[in-house]
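Peer 1: So the sequence shown is residues 9 to 414, counted in my numbering.
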Amino acid sequence: MPTRRAPPRPRSREPSSDAAALPEESILVLQGGGALGSYQAGVYEALGATGHALDWVAGISIGAINSALIAGNPPERRGERLREFWDLVSSTNAIAQLPDTPSARDVFNESSALQAVLFGVPGFFTPRVPPAPFQLPGTLAAISYYDTEPLRRTLERLVDFDLINRGKVRLSLGAVNVRTGNFAYFDSARQRIDARHVMASGALPPGFPPVEIDGEHYWDGGLVSNTPLQYVLDQPGARPRVVFQVDLFAARGDLPTNLSQVSEREKDIRFSSRTRLNTSNELARHRLALAARRLVAKLPPALRDDPDARLLAASEAEAAVSVVHLIYRSKHYESQSKDYEFSRLSMREHWDAGRTDMQSTLTDPRWLHRRHNGHGVHVYDLLPGAPDDRPLPPADTAATPESARR
9 MPTRRAPPRP RSREPSSDAA ALPEESILVL QGGGALGSYQ AGVYEALGAT
59 GHALDWVAGI SIGAINSALI AGNPPERRGE RLREFWDLVS STNAIAQLPD
109 TPSARDVFNE SSALQAVLFG VPGFFTPRVP PAPFQLPGTL AAISYYDTEP
159 LRRTLERLVD FDLINRGKVR LSLGAVNVRT GNFAYFDSAR QRIDARHVMA
209 SGALPPGFPP VEIDGEHYWD GGLVSNTPLQ YVLDQPGARP RVVFQVDLFA
259 ARGDLPTNLS QVSEREKDIR FSSRTRLNTS NELARHRLAL AARRLVAKLP
309 PALRDDPDAR LLAASEAEAA VSVVHLIYRS KHYESQSKDY EFSRLSMREH
359 WDAGRTDMQS TLTDPRWLHR RHNGHGVHVY DLLPGAPDDR PLPPADTAAT
409 PESARR
């Protein structure tokens, strides 16, 4: 599927020798994942409690909603707004405790998910009446099962879009153009953002209708890529970067033993990120840029004015990027319905898991004592049971196939 590439990056002829001395640009990257998104809220709660200042938040689908709630509020109100949103969408099934048996939890989760399918989610979406097959062809109601007008009202109440558009914290949201199939990013660094852009990023068909923006219709960006990490890595930047990437689906998992597990495993694979692939590709780009500049420096002066030589000399290996990778680990009682199971009990569990994982990561000695290299991409996946704790290969070696897949 063709994708819309980011605009060409402006390149300086030489990398900044002061890059390592500059303060890090702090970026939060949030994957899509529906009801699992309260895990990201817990991650931010732990991060915000340290006083860590964010420069940029990027998200897709539920990650776009959480991103807007963070970028669209001052630091002292972000936790409150995240909590208000997640309490609202989990208010229909607010049971706080169940009998401590696996079967009770299985039944509870599935009934909670069914409740969302039949009756919608408060502040988020409601079923269409009459259903889509009985609506007038050619209308939005005929191509979606739910009405997301409640989400628009929720966003306009909880998010200060004027604050976003004043540019204190950059906000980027991924969506896909329904007509062209191209990936697109709505970026507050380039355009004004409102509730439509957030809704477009989370308009997963056929449940939700596409959102019209400037004469084009957009669906959930997760149809093309469920994480904005590559978009962030593609953007120019002279400062070292630390990227907190929070994923809701794990690429690795056990072999299924029944059809229910097959459905869950398929969804995990389909919506998981390929962080290792993205970072290995970025590392290769840095390595080629360094090699190009070294090669040009060896050329005789007469050849350095050649257009191809000037193009190579303009390549820049940018400052270091540290990717802190957190992935929600599914509980044994969760199934393929976990991303639309909006019970209060599960919401709080996801939130608590995110907070605990972020606290553990921020206090890990491997993170506290990390090396700030001058270039390259470095991944920190520090949680117990992480699928791959191997470091990326150094900048002067080739990435192996095993290191290229998360």
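The C-beta atom is built at its ideal place from N, Cα and C for all residues, glycine as well.
Remember, it's a predicted structure, so these values are computed and weren't measured experimentally.
Under three-state DSSP, which class holds residue 408?
Peer 2: For this step, residue 408 is matched to residue 400 along the sequence shown. Reliability of the predicted coordinates at residue 408 is poor, the pLDDT of 34 falling under 50, and the value obtained from them is presented with this limitation in mind. Residue 408 falls in the coil class under three-state DSSP.
Peer 1: Short of 7 Å in beta carbon distance, which residues of its chain neighbour residue 229, apart from the five on each side in sequence? Order them along the chain.
Peer 2: Translated into positions along the sequence shown, residue 229 becomes position 221. Only 68, 69, 182, 183, 184, 191, 209 meet the Cβ criterion.
Peer 1: Below 7 Å between beta carbons: does that hold for residue 196 and residue 172?
Peer 2: Locating residue 196 in the sequence shown gives position 188, where the first residue counts as 1. Locating residue 172 in the sequence shown gives position 164, where the first residue counts as 1. Yes. Within cutoff.
Peer 1: Taking the CB atoms as reference points, tell me whether residue 39 and residue 255 lie closer together than 7 Å.
Peer 2: In the sequence shown, the residue the question calls residue 39 occupies position 31. In the sequence shown, the residue the question calls residue 255 occupies position 247. The answer is yes: Cβ separation under 7 Å.
Peer 1: Terminal residues of the continuous beta strand (DSSP E) containing residue 72?
Peer 2: Position 64 of the sequence shown, counting from 1, holds the residue named residue 72. Unbroken run through residue 72 is the alpha helix (DSSP H), 70–79; no beta strand (DSSP E).
Peer 1: Give, in chain order, every unbroken run of the beta strand (DSSP E) that is at least 3 residues long and sits entirely within the segment 200–233.
Peer 2: 219–221, 224–228
Peer 1: Short check: CB of residue 391 to CB of residue 374, under 7 Å?
Peer 2: In the sequence shown, the residue the question calls residue 391 occupies position 383. In the sequence shown, the residue the question calls residue 374 occupies position 366. Their beta carbons are not under 7 Å apart, which means residue 391 does not touch residue 374 by this criterion.
Peer 1: Identify, in the order they occur along the chain, each residue of the same chain with its Cβ nearer than 6 Å to the Cβ of residue 275, setting aside the five sequence neighbours on each side.
Peer 2: The residue you call residue 275 lines up with position 267 of the sequence shown. Closer than 6 Å at the Cβ level, and outside the excluded window around residue 275, lie 344.
Peer 1: Quick check on the DSSP output: what are the complete beta strand (DSSP E) runs of length 3 or more inside the segment 110–193, in order along the chain?
Peer 2: 178–185
Peer 1: So, are the CB atoms of residue 177 and residue 62 less than 7 Å apart?
Peer 2: Your numbering for residue 177 matches position 169 in the sequence shown. Your numbering for residue 62 matches position 54 in the sequence shown. Yes, these two residues count as a Cβ contact at 7 Å.
Peer 1: Smallest Cα separation from residue 174: which of 80, 141, 94?
Peer 2: Here residue 174 refers to the residue found at position 166 when the sequence shown is read from its first residue. Checking every option, the nearest Cα to that of residue 174 belongs to 80.
Peer 1: How do the segment 118–134 and the segment 339–358 stand: do at least 3 beta-carbon pairs fall below 8 Å, yes or no?
Peer 2: yes
Peer 1: Does the segment 145–158 come into contact with the segment 198–206, if we say contact requires no fewer than three beta-carbon pairs (one atom in each stretch) closer than 8 Å?
Peer 2: no
Peer 1: With DSSP collapsed to three states, give me the class of residue 342.
Peer 2: Taking the first residue of the sequence shown as 1, we reach residue 342 at position 334. Here residue 342 sits in coil by DSSP.
Peer 1: Please report how far the alpha carbon of residue 111 lies from the alpha carbon of residue 354, in whole angstroms.
Peer 2: Residue 111 sits at position 103 when you count from the first residue of the sequence shown. Residue 354 sits at position 346 when you count from the first residue of the sequence shown. Between residue 111 and residue 354, the C-alpha separation is close to 15 Å.
Peer 1: What three-state label does DSSP hand residue 23 in the structure shown?
Peer 2: Position 15 of the sequence shown, counted from the first residue, corresponds to residue 23. Here the model assigns residue 23 a pLDDT of 40, short of 50, so the residue's position is not dependable and the matter cannot be decided.
Peer 1: Given this structure, state the Cα-to-Cα distance separating residue 211 from residue 114, to the nearest angstrom.
Peer 2: Here the question's residue 211 lines up with position 203 in the sequence shown. Here the question's residue 114 lines up with position 106 in the sequence shown. For residue 211 and residue 114, the distance between alpha carbons rounds to 28 Å.
Peer 1: Can you pull the DSSP bridge partners for residue 249?
Peer 2: Against the sequence shown, residue 249 aligns to sequence position 241. Per DSSP, 33, 329.
Peer 1: If residue 87 sits next to residue 279, beta carbons under 8 Å apart, how far is it from one beta carbon to the other, in whole angstroms?
Peer 2: Residue mapping note: residue 87 aligns to position 79 of the sequence shown, counting from 1. Residue mapping note: residue 279 aligns to position 271 of the sequence shown, counting from 1. Contact flag wrong, Cβ pair sits at about 26 Å.
Peer 1: Whole angstroms are fine: how far does the CA of residue 233 sit from the CA of residue 377?
Peer 2: The count along the sequence shown starts at 1 and reaches residue 377 at position 369. The count along the sequence shown starts at 1 and reaches residue 233 at position 225. C-alpha separation (whole angstroms): 32 Å.
Peer 1: Quick one: Cα of residue 250 to Cα of residue 58, how far?
Peer 2: In the sequence shown, counting from the first residue as 1, residue 250 sits at position 242. In the sequence shown, counting from the first residue as 1, residue 58 sits at position 50. Taking the straight line from one Cα to the other gives about 15 Å.
Peer 1: What separation, rounded to the nearest whole angstrom, lies between the Cα atoms of residue 107 and residue 224?
Peer 2: Translated into the one-based positions of the sequence shown, residue 107 becomes position 99. Translated into the one-based positions of the sequence shown, residue 224 becomes position 216. Roughly 50 Å between the two C-alpha positions.
Peer 1: Out of 317, 307, 339, 386, state which residue places its alpha-carbon closest to the alpha-carbon of residue 332.
Peer 2: One-based indexing of the sequence shown puts residue 332 at position 324. The option with the nearest alpha carbon to residue 332 is 386.
Peer 1: Tell me the residue span of the beta strand (DSSP E) that contains residue 239.
Peer 2: The residue you call residue 239 lines up with position 231 of the sequence shown. Unbroken run through residue 239 is the alpha helix (DSSP H), 237–242; no beta strand (DSSP E).
Peer 1: Rounding to the nearest angstrom, what Cα-Cα distance links residue 84 and residue 170 in this structure?
Peer 2: Here residue 84 refers to the residue found at position 76 of the sequence shown. Here residue 170 refers to the residue found at position 162 of the sequence shown. Their Cα atoms are separated by approximately 17 Å.
Peer 1: What's the C-alpha gap between residue 44 and residue 294?
Peer 2: Counting from 1 along the sequence shown, the entry for residue 44 is found at position 36. Counting from 1 along the sequence shown, the entry for residue 294 is found at position 286. Separation of residue 44 and residue 294 (C-alpha to C-alpha, rounded to the nearest whole angstrom) is 34 Å.
Peer 1: Can you tell me where the beta strand (DSSP E) holding residue 67 begins and where it ends?
Peer 2: Position 59 of the sequence shown holds residue 67. Its beta strand (DSSP E) spans residues 64–67.
Peer 1: Rank 361, 219, 148, 300 by C-alpha distance to the C-alpha of residue 321 and give the top, closest one.
Peer 2: On the sequence shown, position 313 is the one that residue 321 refers to. Comparing Cα-Cα distances from residue 321 to each of 361, 219, 148, 300, the minimum goes to 300.
Peer 1: Using the Cα positions of residue 290 and residue 259, report the straight-line distance between them to the nearest angstrom.
Peer 2: The residue given as residue 290 occupies position 282 in the sequence shown. The residue given as residue 259 occupies position 251 in the sequence shown. Near 20 Å, if we compare the C-alpha coordinates of residue 259 and residue 290.
Peer 1: With distance defined between alpha-carbon atoms, name the residue in 189, 359, 319 nearest to residue 336.
Peer 2: Position 328 of the sequence shown, counted from the first residue, corresponds to residue 336. The option with the nearest alpha carbon to residue 336 is 359.
Peer 1: Give me the Cβ distance between residue 124 and residue 140, rounded to the nearest whole Å; I'm assuming they're in contact under 8 Å.
Peer 2: Here the question's residue 124 lines up with position 116 in the sequence shown. Here the question's residue 140 lines up with position 132 in the sequence shown. Residue 124 to residue 140, Cβ: 17 Å. No contact.
Peer 1: If you draw a straight line from the C-alpha of residue 310 to the C-alpha of residue 303, how long is it?
Peer 2: Residue numbering aside, residue 310 sits at position 302 when the sequence shown is read from its first letter. Residue numbering aside, residue 303 sits at position 295 when the sequence shown is read from its first letter. For residue 310 and residue 303, the distance between alpha carbons rounds to 14 Å.
Peer 1: Put residue 386 into one of helix, strand or coil per three-state DSSP.
Peer 2: Along the sequence shown, read from residue 1 onward, the residue named residue 386 stands at position 378. Three-state result, residue 386: strand.
Peer 1: Taking the straight line between their C-alpha atoms, what separation do you get for residue 252 and residue 338?
Peer 2: Taking the first residue of the sequence shown as 1, we reach residue 252 at position 244. Taking the first residue of the sequence shown as 1, we reach residue 338 at position 330. Distance between the alpha carbons of residue 252 and residue 338 is about 20 Å.
Peer 1: With DSSP collapsed to three states, give me the class of residue 391.
Peer 2: Here residue 391 refers to the residue found at position 383 when the sequence shown is read from its first residue. Residue state, collapsed to three classes: coil.
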